[in-house]
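Novice:
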Amino acid sequence: MPPATSAPDAPVAEGDAEAPPVPTYRSLAAPVSNPVDKFALLPAFLKVRGLVKEHIDSFNYFITKGIKNIVRANNRIEARSDPGIYLEYKNIYIGEPSVQVDFRVETITPHFCRLTDRTYSAPVIVDVEYTVGKTHAKHRKPSFTIGYMPIMLRSYACVLNGKDEAELARYGECPLDPGGYFIVKGTEKVILIQEQLSKNRIIIDTDNKGRVTASVTSSTHEVKSKTVICMDKEKIYLHLNQFTKPIPIIVVMKAMGIETDQEVVQMVGRDPRYGDLLYLSIQECATERIYTQQQALQYMDDKVTYAGAGNIKDGRSKLILRDVFVAHVPVNNGNFQPKCIYTAVMLRRMLDAILNSDTFDDKDYVGNKRLELSGQLVSLLFEDLFKTMNTYAVDRMNKNSDMARSSPLDFSQLIMQQDVITSGLERAISTGNWDIKRFKMHRKGVSQVLSRLSYMASLGYMTRITPQFEKTRKTSGPRALQPSQWGMLCPCDTPEGEACGLTKNLALMTHVTTDQEEGPLRNLCFSLGVEDLSLLSGEEIHAPGSFLVMFNGLILGKHRQPQRFANNMRTFRRSGKIGEFVSVFVNEKQHCIHIASDGGRVCRPLIIADKGRSRVKEHHMKELRDGIRSFDDFLRDGLIEYLDVNEENNALIALYEHVDQDGVQRSSITHIEIEPMTILGVVAGLIPYPHHNQSPRNTYQCAMGKQAMGNIAYNQLFRADSLLYLLVYAQRPLLTTKTIELVGYDKLGAGQNATVAVMSYSGYDIEDAIVMNKSSLDRGFGRCIAMKKYTVTSEKYGDGISDRIAKPQRDRDGVLIKQNMRALDEDGFVAPGQIIRNHDIYVNKQTPKVTNRTPGTALTDRDYRDSPAVYKGVDGETTVVDRVMLCSDTNDKLTIKCIIRHTRRPEVGDKFSSRHGQKGVCGTIVQQEDFPFSEKGICPDLIMNPHGFPSRMTIGKMIELLGGKAGVSCGRFHYGSIFGEPSGNADKVEDISHTLVKHGFSYSGKDFLYSGILGHPLQAYVFMGPIYYQKLKHMVLDKMHARASGPRVLLTRQPTEGRSRDGGLRLGEMERDCLIAYGASMLIFERLLLSSDPYQVQVCRKCGLLGYYNYKLKTSFCSMCKNGENMAKMRMPYACKLLFQELQSMNVVPRLTLTEG
Amino acid sequence: MERSAAGASYQRFPRVRIRELKDEYAKFELKDTDASMANALRRVMIAEVPTVAIDLVEIESNSSVLNDEFLAHRLGLIPLTSSAAMSMRFSRDCDACDGDGSCEYCSVEFHLAARATDSGQTLEVTSTKDLRSTDPKVCPVDQQREYQQALGNVDAYEPDAAGDHRGILIVKLRRGQELRLRAIARKGIGKDHAKWSPAATVTFMYEPDIRINQELMETLTLEEKQSWVESSPTKVFDIDPVTQQVTIVDPEAYTYDDEVIKKAEAMGKPGLVEINAKEDSFVFTVETTGAITAYELIMNAITVLRQKLDAVRLQDDDGDLGELGAHLIGG
């Protein structure tokens, strides 16, 4: 149990000053009569925020503030020999996304970059001041480009920022696309949100040996270090990488100037129990005879791992204590007092944890986590590259001045020479490898290709959070659902398998903070009565009733009236005087107040309630509906505020204002949820009635919703993805949720509403298979388009020689010389609209035979050989050329992209799924006349076996069917938002049944059906109605594979492996075991020795080695014995023969001993 | 059938009573026969009554947003007037053109040419406006309807006679987009592809036989009667406002949902009503796509069914199935 999750009903704001007009007794007792419909806040929130605001915010912070801070910190470089030669960065900013073409700058749009495989990047421009020559003449150069930086779509630097729908359409962009990703070399890359433990916070935990530890990972701009204080055998030690051995903590305290034991104990706290626990540690220090700071430092010097330059250990430990030990606590002018107090607090927390195991911290608690976003990651990368560029420039300058001192170089010539920033950023984002030596950072897979399989898949990528630690650990702790995830992280959306529970997704309303300036906040704290730490004695710090004030992990001081202080801070926040994301958290257990303004905390907006009464009133909502008020106004007026996970512990949050919360005093409610449905994320939000399903089913659907085909974006037909699956007639679901409407799934659906009959039919529906109606398929159900991109590059070989595209060659009568050129147009490219079959040529390319021609001569037709691009498709399928696109790539080579389209209708084996984690393949396709029908004439589109229900317990699917049926009957889309019944965001089954009865259906959704085959009534009523079905990307056509004979691997002469290489089907070990057990010896013989790689060898009976057959003399010969007398023919697998030869090459002689057969 | 196996004749004389007959809708009773007969008729109506539908599309120019296959599929599903379909030949056994579908006996050619000119409005390419047939007998159904209306032959039963007849939307064109194509319509049956099925809805139900135990019913109060009557999701029963007796208003509205029986049991009066399905009486509902009239659909179905039965008889005679037999077995 983490201390942070203290009782939620901790006394808050009781009788404090800023509470609005004190409610009278009567007004408190009166029930809240008319609940305010607060739903409109949600769309308003998403309107100002977008779906991926955290990414965009973080990147915006970087390009507007972060980058300036980095440059300001490293703004001057100077030559070693002559400090007069210098360069100073005066300003830095990001330009407009553009490319430099032939010394001309052209602005670019994201879609242009996608199509032409370019990077969507903008110049990083600096204003510099530098000196030139020996005279040190000062020069100023404004607008100097030092590199290009990939730009996040829809950030401030992006051309799409703030554009409306029509303008976006003009840019070829889909208005529903959320942005928040990069385009690098034509591919869309997302920098995933990285989850890690908070920096600069004390975490009390037990290590794997069961010892109580207090650890701090310090991180400042300059240093990063980890400090661990650990209790071993009842004595407390400091573990630091810089010391070979653990150092007794009292020694450390002494080394920092706290020489008397009394002072140490006072700092930790005067409670005798602390003294008891410290006793052994103090004794150990005394037995070592360490009494003074000097002695302590000497003791520590001996234990330093790495002595500095010249192997001088003396004084090292003081430096280590200053720079490494809890590095984020500053030591100003050698004043170690803040560090001492910090250490004492660490000790105190540790001892607290020993005395009361409730106060241990939980590493999995979301409040102890920070999310690292793209802005921060790019910022790290940029900082490193910027420094690299500068050191490189300095090196060059030094070298130059050392050597000749002749040419007066200046820095402005040096800084941009290597393209360090451009290529460094581009490489990192395109490979996903964040290797930053400076910060000891080696991460792989930070950026990933944005999946465009469906709209949901790409949204899902934007909200994904990847963990930092390795996935192999079997521990369940970090994988388990944390109560603190409520409303912040989606409880459903996580992958199955190894990353289960580790990879998470943000909930709908979550916001991730960015850094905020600390100085003003710190000053505010002091003005609000925080007593400065430096003025306090050790005794005073832990005086009862006063709380320590921690600001971003640092101890600021203490406050005697903690609750009053917290309330004051909150009032300032609500009135907009300090940032809305500043968190104020009163920790009763630790007796501290945590003020946090650092980046990476997750938080979410909540309605503020005064004694259980919502501050948002009906007139506010009316103003919102009328468009007078925006979400930001709600924030500014102090009606709504953001709470982070820690501060949530000081709040008591009601789901609804008007509903009585059992056993909770209304007056103790401090906040009200905007909408309970925001507990789910984007992807889980499209499940109707998820709260009626078994929990894992929702998780399965979250994985499958990303594989469903449908419409991807409004610009889907103008995109050039390598593989695109589209549904021909995609529909919006009949049973929607509010989330669906908010994220635009109703506009870019990925499925169709199928009339489903839940019954058994034909036996081809076992194991979740579904039976489909052929007429439905004829009419377009499940029909999809697969578009595949084939790219051909016309190479350049220098010297003006390059590949060429030739006309299709014809003979004298104008007939094509090769049949497979029939799809080609006269320009040598395949013609759009042409049907293209297997083995057809789509680009008639020719390659020059020679790459070095004699100068002056042109290459003739004979100098080229054919190297056409041949289409490899499925035989018997009709595929059509959709588009042919020509562009020159970054190396100025001609790139030809052919997009080939294939329209497919569902076939047996294609995979379908409803929105409830119920997947199934098409088992058989049946004629409509054989399908059951009702007396109304309704005939289902597909039949699902009822056995899918009992064990899966997907009641939501049943309600979806009912709601869908009522929806089509009455002509209103029904809703099924999670927990939506009380607020009217989900239709109740009872109401649905009423609607059904009103329209002449049974209230239970069951219909009386007749058999289509025999015409007699079916024995039972059949549960039938529309369910939204998704067609998943797994299709038989892409997977089916069989081979009789075919290609073989060159080396072993065994059949190739894998479908793509037309490989054989392996009879593996286990299959072999079966045959052995069965006794089918001849079958094994055939499979293993004949069907794979049979080979005939000549074996010498005498020496047992392999010989060869001389075809000229028609004799076999042993090259070892130098004769052909004792040769025998033998058949063995080629791989066996190869093994013998390989052994021979390693000086191992394998000899065959033959017996006469 | 005249030759029954064991001598005993199972011959019955089915009767048909037409209740309602409109161009595209028919409701009739089929009596004195059994489910196999009724179902055979239903199945033939759905799957084996031939119509004409676009089967081959040659696209000359298509700069619309929909791709060629998409358009071809949409064109195929447009119902075409197919009164002549029975007398047409299947392309596969047409002697005049070797089955390549280009002769007047087995195919009809269509042309479509549309181009959105400079106006900012999107142009809707529809089956009425743009799809031109070379044979006046075979054209999109809504064209036919328009033509009939122009002649003044308004189908009085058609509820939306004055409604909108924009036809079936094929594609929308923006400025500068163009669609030009040639299409060939052929005869076919619904078994091969749903586009050839003339039936929108063909269904039947057993005629219910409802008997109210009026004596028992009288033991109920008016409220109880009311709640009992309302327990049926469809309006089968009503209460006579004068006599306050429960009457059967529309027995065919009954969907065999057993709700009233369950209600009666719940009220502690089992046997309040007795409902049985008449095993030899069927109420058919037929709706067509408009390709042929409901009357034609029924009559053609009977013709086709008879042909199929003839084939069975032929098979009995000489054991040789011929092509018809193969058609019959496998389809």
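Residue numbers (full-length UniProt numbering), protein chains in the order written: chain A, 1 to 1157; chain E, 1 to 331. For every residue, glycine included, the Cβ atom is placed at its ideal position computed from N, Cα and C.
(1) Which residues in chain A sit within 8 Å of residue 340 (chain E), going by Cβ to Cβ distance?
(2) When the Cα atoms are used, what is the spatial distance from ILE669 (chain A) to LYS440 (chain A)?
(3) Do we get a CB-CB distance below 8 Å when we pair HIS111 (chain E) with the residues of chain A?
(4) Can you have a look at VAL223 (chain A) and say buried or exposed, based on whether 16 or more other CB atoms are within 10 angstroms of its CB?
(5) Enumerate, from N- to C-terminal direction, the unbroken beta strand (DSSP E) stretches of 3 or more residues contained entirely within the segment 804–888 of chain A.
(6) Under 8 Å Cβ-Cβ, which residues of chain A neighbour ARG17 (chain E)?
(7) Taking three-plus beta-carbon pairs below 8 Å as touching, is the segment 171–190 of chain E in contact with the segment 119–137 of chain E?
(8) Under 7 Å, CB to CB, which of the residues in the segment 918–929 of chain A have a partner in chain E?
(9) Under the rule that 16 or more other beta-carbon atoms within 10 Å means buried, what is ILE18 (chain E), buried or exposed?
(10) I'd like to know if ARG779 (chain A) contacts chain E, where contact means its C-beta is closer than 8 Å to some C-beta of that chain.
(11) Applying a beta-carbon distance threshold of less than 7 Å, which residues of chain A neighbour LYS191 (chain E)?
(12) Given the structure, does VAL249 (chain E) come close to the ligand SAH, in the sense that its CB is under 7 Å from one of the ligand's heavy atoms?
(13) GLU531 (chain A) by DSSP, collapsed to three states: which one?
(14) So, is the C-beta of THR194 (chain E) closer than 8 Å to a C-beta in chain A?
(15) Return the chain-ordered list of same chain residues with a C-beta closer than 7 Å to the C-beta of ARG952 (chain A), the five sequence neighbours on each side being excluded.
(16) Going along chain A, which residues have a C-beta under 8 Å from SER197 (chain E)?
(17) Quick check on the DSSP output: the beta strand (DSSP E) that includes MET267 (chain A) runs from which residue to which?
(18) For GLN293 (chain A), which of helix, strand or coil comes out of DSSP?
(19) When Cβ atoms are compared, which residues of the segment 701–734 of chain A fall closer than 8 Å to chain E?
(20) Compute the distance between the beta-carbons of LYS893 (chain A) and LYS796 (chain A), then report whether it is under 8 Å.
(21) Is there at least one Cβ from chain E nearer than 8 Å to residue 1231 (chain A)'s Cβ?
(22) May I ask you to report which of helix, strand or coil DSSP gives ASN567 (chain A)?
(23) Does DSSP put residue 1160 (chain A) in a helix, a strand or coil?
(24) So what's TYR455 (chain A) in DSSP terms, helix, strand or just coil?
(25) Below 8 Å on C-beta distance, what does MET88 (chain E) contact in chain A?
(26) Classify ILE250 (chain A) as buried or exposed, calling it buried when 16 or more other Cβ atoms lie within 10 Å of its own Cβ.
(27) In the DSSP assignment, find the unbroken beta strand (DSSP E) run with LYS224 (chain A) in it and report its ends.
(28) Which complete beta strand (DSSP E) runs does the segment 116–191 of chain A hold, if anything under 3 residues is left out?
(29) Does the Cβ-Cβ distance between TYR455 (chain A) and THR737 (chain A) come in under 8 Å?
(30) Tell me, please, whether the CB atom of ILE275 (chain E) is closer than 8 Å to any CB atom in chain A?
(31) For a contact meaning CB atoms closer than 8 Å, what does TYR871 (chain A) contact in chain E?
(32) Would you report the Cα separation of PHE718 (chain A) and ILE168 (chain E), rounded to the nearest angstrom?
(33) Pick out whichever of A:THR227, A:MET350 and A:HIS139 has its Cα sitting closest to the Cα of THR206 (chain A).
(34) Roughly how many angstroms lie between the CA atoms of ASP32 (chain E) and ARG12 (chain E), to the nearest whole one?
(35) Give me the residue from A:THR107, A:LYS90 and A:ARG170 with the minimum Cα distance to SER141 (chain A).
(36) So GLU88 (chain A) and VAL124 (chain A) are supposed to be a Cβ contact under 8 Å. How far apart are they, rounded?
Specialist: Taking the geometry as given:
(1) Any question about residue 340 (chain E) goes unanswered here, given that chain E covers just 1 to 331.
(2) The C-alpha of ILE669 (chain A) lies about 46 Å from the C-alpha of LYS440 (chain A).
(3) For HIS111 (chain E), not one C-beta of chain A is nearer than 8 Å to its own C-beta.
(4) Exposed is the call here.
(5) The qualifying runs are 841–843, 845–848, 864–866 and 879–888.
(6) Residues of chain A with a Cβ closer than 8 Å to the Cβ of ARG17 (chain E) do not exist; the shortest Cβ-Cβ separation is about 18 Å.
(7) Because the criterion of three Cβ pairs below 8 Å is met, the segment 171–190 of chain E and the segment 119–137 of chain E touch.
(8) From the segment 918–929 of chain A, only GLN927, GLN928 and GLU929 have a Cβ closer than 7 Å to chain E.
(9) Under this definition ILE18 (chain E) is an exposed residue.
(10) Judged by the 8 Å Cβ criterion, ARG779 (chain A) is in contact with chain E.
(11) In chain order: GLN927.
(12) In terms of ligand content, the structure shown is empty, and the ligand SAH therefore cannot be addressed.
(13) GLU531 (chain A) sits in a strand when the DSSP states are folded into three classes.
(14) Position check: residue 194 (chain E) holds Ala in this sequence, whereas Thr was assumed. At least one chain A Cβ lies under 8 Å of ALA194 (chain E).
(15) Closer than 7 Å at the Cβ level, and outside the excluded window around ARG952 (chain A), lie GLN694, ARG697 and GLN918.
(16) Result: SER775 and GLN928.
(17) Taken as a continuous stretch (DSSP letters only), MET267 (chain A) belongs to no beta strand (DSSP E), being part of the alpha helix (DSSP H) at 261–268.
(18) DSSP places GLN293 (chain A) in helix when its eight states are reduced to three.
(19) Listed by position along the chain: LEU717 and VAL728.
(20) Yes.
(21) No answer is possible for residue 1231 (chain A): the residues shown for chain A start at 1 and end at 1157.
(22) In the structure shown, the three-state DSSP call for ASN567 (chain A) is helix.
(23) Here chain A covers residues 1 to 1157 and nothing more, so residue 1160 (chain A) does not appear.
(24) Helix.
(25) Residues of chain A with a Cβ closer than 8 Å to the Cβ of MET88 (chain E) do not exist; the shortest Cβ-Cβ separation is about 21 Å.
(26) Buried, by the Cβ-count rule.
(27) Residues 224–232.
(28) Runs of the beta strand (DSSP E) inside the segment 116–191 of chain A: 121–132, 137–150, 182–184 and 187–191.
(29) Not a contact, by the Cβ cut-off of 8 Å.
(30) Judged by the 8 Å Cβ criterion, ILE275 (chain E) is not in contact with chain A.
(31) In chain order: nothing, as chain E lies at least about 17 Å away.
(32) Roughly 27 Å between the two C-alpha positions.
(33) Considering only alpha carbons, the answer is A:MET350.
(34) Distance between the alpha carbons of ASP32 (chain E) and ARG12 (chain E): 7 Å.
(35) Sequence inspection shows Lys at residue 141 (chain A); the Ser mentioned does not correspond to that position. Taking each of A:THR107, A:LYS90 and A:ARG170 in turn and checking the Cα distance to LYS141 (chain A), the smallest one comes out for A:LYS90.
(36) Actually they do not touch by this definition, with Cβ atoms about 16 Å apart.
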